[in-house]
Each structure stands twice: as structure tokens, then as C-alpha cells.
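To keep things clear, I will list the structure first and then write my remarks on it.
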Amino acid sequence: MKAPKPYINWFAEQSKLHGGHAAILTKEISITYKQLSGLVNDRVEGLQKINIRQNDIVGILAEHSYQFIIDLLAIWSLGAAAFPINVKLTKEEINRQVNFIGCKVLTEDKTINKSIADSSAALIMFTSGSTGKNKAVVHSLNSLFASISSIDKEIHLEENKKWLASLPFYRIGGFQIIIRSLLTGGTLCIPSGISTENISNGIINFKPDYISLVNATYQSLLQSSINGLKNTKVIFIGGGPVESSLLKEGISKGLPVYKVYGSTETGSMISILKPEDAENKIDSAGKPLPGVKLKIEQNEILVSTNSLFTGYYKNSSLTKKKIINGWFRSGDVGFIDNDGFLFVEGRKDNILISGGEKINPTEIEDILISHFKITDAFVLGVPDEKWGQKVCAAVVSSTKLNVSEIQDKLKEILPSYKIPKVIKQIESIPIDEMAKVNLAELQNLFF
Numbered sequence: 006m007k008a009p010k011p012y013i014n015w016f017a018e019q020s021k022l023h024g025g026h027a028a029i030l031t032k033e034i035s036i037t038y039k040q041l042s043g044l045v046n047d048r049v050e051g052l053q054k055i056n057i058r059q060n061d062i063v064g065i066l067a068e069h070s071y072q073f074i075i076d077l078l079a080i081w082s083l084g085a086a087a088f089p090i091n092v093k094l095t096k097e098e099i100n101r102q103v104n105f106i107g108c109k110v111l112t113e114d115k116t117i118n119k120s121i122a123d124s125s126a127a128l129i130m131f132t133s134g135s136t137g138k139n140k141a142v143v144h145s146l147n148s149l150f151a152s153i154s155s156i157d158k159e160i161h162l163e164e165n166k167k168w169l170a171s172l173p174f175y176r177i178g179g180f181q182i183i184i185r186s187l188l189t190g191g192t193l194c195i196p197s198g199i200s201t202e203n204i205s206n207g208i209i210n211f212k213p214d215y216i217s218l219v220n221a222t223y224q225s226l227l228q229s230s231i232n233g234l235k236n237t238k239v240i241f242i243g244g245g246p247v248e249s250s251l252l253k254e255g256i257s258k259g260l261p262v263y264k265v266y267g268s269t270e271t272g273s274m275i276s277i278l279k280p281e282d283a284e285n286k287i288d289s290a291g292k293p294l295p296g297v298k299l300k301i302e303q304n305e306i307l308v309s310t311n312s313l314f315t316g317y318y319k320n321s322s323l324t325k326k327k328i329i330n331g332w333f334r335s336g337d338v339g340f341i342d343n344d345g346f347l348f349v350e351g352r353k354d355n356i357l358i359s360g361g362e363k364i365n366p367t368e369i370e371d372i373l374i375s376h377f378k379i380t381d382a383f384v385l386g387v388p389d390e391k392w393g394q395k396v397c398a399a400v401v402s403s404t405k406l407n408v409s410e411i412q413d414k415l416k417e418i419l420p421s422y423k424i425p426k427v428i429k430q431i432e433s434i435p436i437d438e439m440a441k442v443n444l445a446e447l448q449n450l451f452f
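Counting with the working numbering, you get residues 6 to 452 for the letters of the sequence shown.
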């Protein structure tokens with residue numbers, strides 16, 4: 006991959022190299038690099054008319070459409086920073102984030118309130134777990150490009166290939182698909198949406214070479230779109246825990262499945278488990294990508310890499326707490342084995358403390374599923390005046406459960422402080438578009 010240097014006019018260089026090649030493909034339209042460059046230049050003129058300047062922060066509603074790419078590239082061409090807004094949030098939550106960042110949403114006919122970013126800032130993105138919290142990550146073009154460079158050095162990203170936009174643009178995994186595609190002179194194939202059905206249709210219609218999926222979508226596609234998946238060059242699976250059995254199934258069927266691990270702060274993936282390593286290291290997150298350093302301190306995974314974010318927006322105290330001497334404290338618990346493979350065991354902040362006792366919710370979830378007619382469970386801590394955190398459980402079952410009987414049975418298995426004080430039966434554990442548990446929605450059940 007011959008990528009341009011990370012400066013504000015990098016896309017102009019790409020448009021000259023790949024002018025006639027398709028940059029964007031949707032069900033309705035195909036846009037070449039030359040055409041996209043023209044659309045971006047027109048948008049730049051429009052932004053200048055509403056007084057967008059270098060280092061401004063510009064909020065964009067991150068709809069799953071090619072207009073987002075045009076807006077993004079125009080903003081970067083002016084040396085401004087982009088703030089992709091999660092369109093799935095409530096109006097109140099969007100307003101909260103916009104007010105915190107200090108800008109208004111960019112539309113065709115409205116100006117924005119200016120907020121100034123650091124001169125190196127290119128992207129400001131809220132983390133997937135930051136609903137209700139001011140936790141916005143700042144990336145530079147250098148860090149975003151460094152992430153793609155590390156991946157390329159490990160598995161060689163081929164030029165002029167098709168990339169499926171299979172994840173939301175307001176998440177780092179989906180955002181970086183855009184950059185990977187454009188940096189490699191590829192074609193970004195944008196499906197009608199990111200539901201499993203839309204992604205399946207996208208695989209059939211676009212025949213992409215590179216796909217990124219979360220575990221839940223991958224599981225569904227294994228059953229419905231196996232033939233289409235076999236024609237891909239690489240299938241990245243990440244965005245959260247990946248079931249080893251599903252990974253094995255895909256590899257056994259000849260799929261080029263690569264399990265990856267990373268975060269918004271690390272610019273997306275920092276480790277990768279290749280299919281050839283999966284047989285003996287199926288439960289691992291693979292080895293660090295070139296240029297990525299990992300170490301373990303007090304069971305926590307620490308990361309040093311050029312793709313690391315520059316800090317949390319308007320939160321210097323958290324930045325200083327999380328980045329120490331160039332090492333990012335991920336908050337994930339894990340270990341590195343003698344062969345250099347990383348194993349991720351969970352989140353450090355998932356540990357509950359109730360009445361002074363530390364509690365691993367996974368232990369309780371496993372017992373609920375294995376000892377009762379429960380198909381899914383999620384254990385969480387709810388603020389409590391007496392205990393600090395009250396242990397609660399949301400459970401899923403096809404039959405009506407007797408909560409008192411479950412709690413009585415748990416007394417034979419667990420110490421009293423680990424037994425959920427409240428157990429609620431629900432239809433399904435709520436998840437977001439990245440297949441992560443919607444903790445805020447669950448917590449509301451217990452208030």
C-alpha cells in the first residue's frame with residue numbers, strides 16, 4: 006500500500022492517482038475518485054461561505070450515506086476537525102454531546118457555532134461506552150493513518166479493492182473503513198443500512214473484498230450468506246468479545262476470518278489473530294500489529310502505538326490518568342502468553358464492589374445460565390446507599406422463572422454477597438448497533 010502522507014490535502018493526491026476508479030458505490034450511484042474530488046471541492050466552497058476555518062470543530066450527523074464522506078473530506082481539506090454524531094441517539098443525548106463539544110450540527114443551509122480544536126486534531130469521537138458521560142476521543146490524521154499502516158504491514162492491504170461499509174461511521178471501526186478504502190485506492194461500498202439484512206444484501210450485490218463485522222452479525226451471516234463470505238479476502242471480526250466456537254466454524258468453512266482487538270482510543274485494531282494461528286490460540290486476541298507495544302501491569306493491558314489518540318476532549322485529568330509516559334491504560338484485563346499472544350479477559354471496571362467485596366459479574370452470569378433454565382444473563386451493579394453497589398441480574402428464559410427459588414438455590418452455590426438482590430426476567434438483553442450491551446437501558450430497569 007502506497008499511502009499519502011497525513012496532511013490536509015491527502016485526498017487530492019489520491020484522486021490524481023486513482024481518478025477513474027470508483028471511490029464510492031451504492032445501490033443507486035457510482036462515484037469515481039475524480040468525481041468525488043469535485044464534490045468535495047464544491048463542499049469546501051460551501052463551508053467557506055459559512056465561515057468554516059482551520060482548527061474549527063464541525064459536527065456531522067453520521068448518516069450511512071456518501072454525503073458523510075463528502076462532508077468529512079471537505080472539513081479536513083480546510084484543516085478543521087470532524088465530529089461524527091451518532092444518529093441513533095435520542096434528541097436530548099445529541100444535544101448534550103453537541104453542547105459539550107461546542108458546535109451545532111452541520112447542514113446544507115445552517116452555520117455552526119465555532120469551537121476550536123488543537124491544531125493536530127482531525128477527529129473527535131465519543132466512545133461507544135460514553136452515553137451520559139463526557140468522554141470524547143481526539144485523533145490526528147497521523148494517528149488515524151498510523152493504524153492503517155500497521156494493518157497493512159501485517160496482512161498487506163491490496164489496492165483498488167472493494168470495502169464494505171458494514172459498521173456505523175460514528176464508531177471508530179466503521180470510520181476507519183472509510184480511511185482504509187480511500188488510502189488504498191479502494192471502492193467504499195455503502196449498503197442501505199447496517200442491519201444484518203442490509204449487510205447480507207451488500208455482500209451479494211457488491212461482492213466486497215474486505216468486511217468488518219461484530220460477533221452477532223457474523224453469527225447471522227454464517228447461516229445466511231456463507232457463499233458470499235467465501236469470496237472475500239479478509240473478514241475482520243471485533244468490536245467486542247468473539248465467540249471461539251463461531252470463529253472455528255467460519256475457519257473450518259474456509260472463511261478468511263481475522264479476530265481483532267482495539268478501541269476508539271487506539272484508532273481501531275491493535276492486535277490480530279490470523280486464521281493460521283487460530284487452531285492453537287482460538288481464545289486469544291492474537292499478536293500486536295507492527296509498531297504496537299503491549300505490556301501488562303496489575304492485570305491491566307497497556308498499549309503504546311503511533312495510532313494512539315492525543316487525549317480526551319475537555320478532560321485533561323482523565324487524559325493524564327489514562328496516558329502515562331506514552332502508555333495507554335486500556336481498562337481491559339488480560340495477559341500475554343509465552344508465545345506473545347494477547348488474551349483479553351474482560352473490563353477492569355466491570356468488577357463490582359458491594360459491601361466492600363469485589364465481585365466478578367461473569368462468574369454469576371455463568372452460574373445462572375448453567376444451573377437454571379436461563380439462556381442469557383447480564384449482572385450489573387446499581388448504586389445503593391447501603392451496599393455502594395447492589396448486585397442485580399437481568400435474565401432471559403423461554404419459561405416463567407421463580408426468582409425466589411433461584412435466589413434460594415444460589416445460596417447453595419455462592420456466598421451471600423454475590424447473590425443478586427434483584428433478578429428481572431426480560432425478553433432479551435438489550436444491545437446497541439455494535440452488539441455491545443446497552444448498560445444504560447438495563448440500569449433503568451432497576452431504578
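Note that CB positions come from ideal geometry on N, CA and C, so glycine has one too. Note that the coordinates shown come from a computational prediction; the quantities given were computed from them, not determined experimentally.
Residue i versus residue j: straight-line alpha-carbon distance, rounded
| i | j | result |
| --- | --- | --- |
| Trp332 | Leu218 | 28 angstroms |
| Gly179 | Met274 | 12 angstroms |
| Lys326 | Val442 | 26 angstroms |
| Ala17 | Ser42 | 7 angstroms |
| Thr116 | Thr132 | Model confidence at Thr116 stands at a pLDDT of 44, short of 50, so the residue's coordinates are unreliable and nothing is read from them. |
| Gly137 | Leu447 | Confidence at Gly137 is low in this model, with a pLDDT of 46, below 50, so its placement is unreliable and the value that follows should be read with caution. Rounded to the nearest angstrom, the two C-alpha atoms are 14 angstroms apart. |
| Ile379 | Ser403 | 8 angstroms |
| Val384 | Thr367 | 7 angstroms |
| Gly84 | Ile13 | 6 angstroms |
| Asn449 | Lys426 | 16 angstroms |
| Thr95 | Phe241 | 30 angstroms |
| Ile418 | Asp389 | 24 angstroms |
| Gly243 | Ala398 | 26 angstroms |
| Asn311 | Lys405 | 52 angstroms |
| Phe377 | Pro420 | 18 angstroms |
| Ile141 | Lys253 | According to the sequence provided, residue 141 is Ala. The question's Ile does not apply to it. Whole-angstrom Cα-Cα distance: 35 angstroms. |
| Asp76 | Gly267 | 26 angstroms |
| Ser200 | Lys167 | 19 angstroms |
| Gly360 | Leu444 | 22 angstroms |
| Ile65 | Ser197 | 19 angstroms |
| Val103 | Met130 | 11 angstroms |
| Leu251 | Leu169 | 21 angstroms |
| Ile99 | Lys258 | 42 angstroms |
| Val338 | Lys298 | 16 angstroms |
| Ser309 | Lys39 | 37 angstroms |
| Ile62 | Ile55 | 13 angstroms |
| Arg334 | Gly291 | 19 angstroms |
| Ile153 | Glu97 | 34 angstroms |
| Pro182 | Glu350 | The sequence given here places Ile at residue 182; Pro does not occur at that position. The alpha-carbon atoms of Ile182 and Glu350 are separated by roughly 27 angstroms. |
Of the listed residues the options, nearest to residue i (C-alpha basis)
| i | options | result |
| --- | --- | --- |
| Gln303 | Ile372, Ala290, Gly336 | Gly336 |
| Leu22 | Gly339, Ile13, Thr37, Gly296 | Thr37 |
| Gln72 | His26, Asn220, Arg48, Leu83 | Arg48 |
| Gln19 | Val45, Lys32, Thr31, Phe340 | Val45 |
| Tyr318 | Ile29, His69, Val143, Gln59 | Val143 |
| Ser375 | Gly360, Asn311, Val401 | Val401 |
| Ser289 | Gly245, Ser322, Ile436 | Gly245 |
| Ile184 | Asn365, Tyr215, Val396, Pro196 | Tyr215 |
| Phe348 | Ser249, Leu313, Thr315, Lys391 | Ser249 |
| Asp371 | Asn285, Lys212, Ala382, Val239 | Ala382 |
| Ile341 | Ala86, Lys300, Leu162 | Lys300 |
| Gln430 | Val408, Leu260, Glu438, Leu323 | Val408 |
| Val92 | Gln412, Ser70, Val387 | Ser70 |
Boundaries (first-last residue) of the beta strand (DSSP E) holding residue i
| i | result |
| --- | --- |
| Phe88 | 86-90 |
| Pro388 | 381-389 |
| Val400 | 393-401 |
| Gly243 | 239-243 |
| Leu128 | 126-131 |
| Leu193 | 192-194 |
Span of the alpha helix (DSSP H), counted from its first residue to its last, around residue i
| i | result |
| --- | --- |
| Phe150 | 146-160 |
| Gly233 | 231-235 |
| Gly255 | 249-257 |
| Ile182 | 177-188 |
| Val408 | 408-415 |
Residue i vs residue j beta-carbon contact at 8 angstroms
| i | j | result |
| --- | --- | --- |
| Glu159 | Pro295 | yes |
| Ile90 | Ala126 | no |
| Ile424 | Lys416 | yes |
| Ser229 | Ser205 | yes |
| Gly255 | Val265 | no |
| Ile74 | Ile34 | no |
| Ile356 | Ile369 | no |
| Thr148 | Gly272 | Inspection of the sequence shows that residue 148 is occupied by Ser rather than by Thr. A contact, by the Cβ cut-off of 8 angstroms. |
| Asn236 | Lys32 | no |
| Thr189 | Leu162 | yes |
Interface flag, residue i vs chain D, CB-CB below 8 angstroms
| i | result |
| --- | --- |
| Leu357 | Absent from the structure: chain D. Only one protein chain is present. |
What are the uninterrupted segments assigned as beta strand (DSSP E) that are 3 or more residues long and contained completely in the stretch 260-333, given in chain order? 262-268, 273-278, 298-302, 305-309
Beta strand (DSSP E) segments (min. 3 residues) lying fully within the stretch 18-105: 27-30, 35-37, 62-66, 86-90
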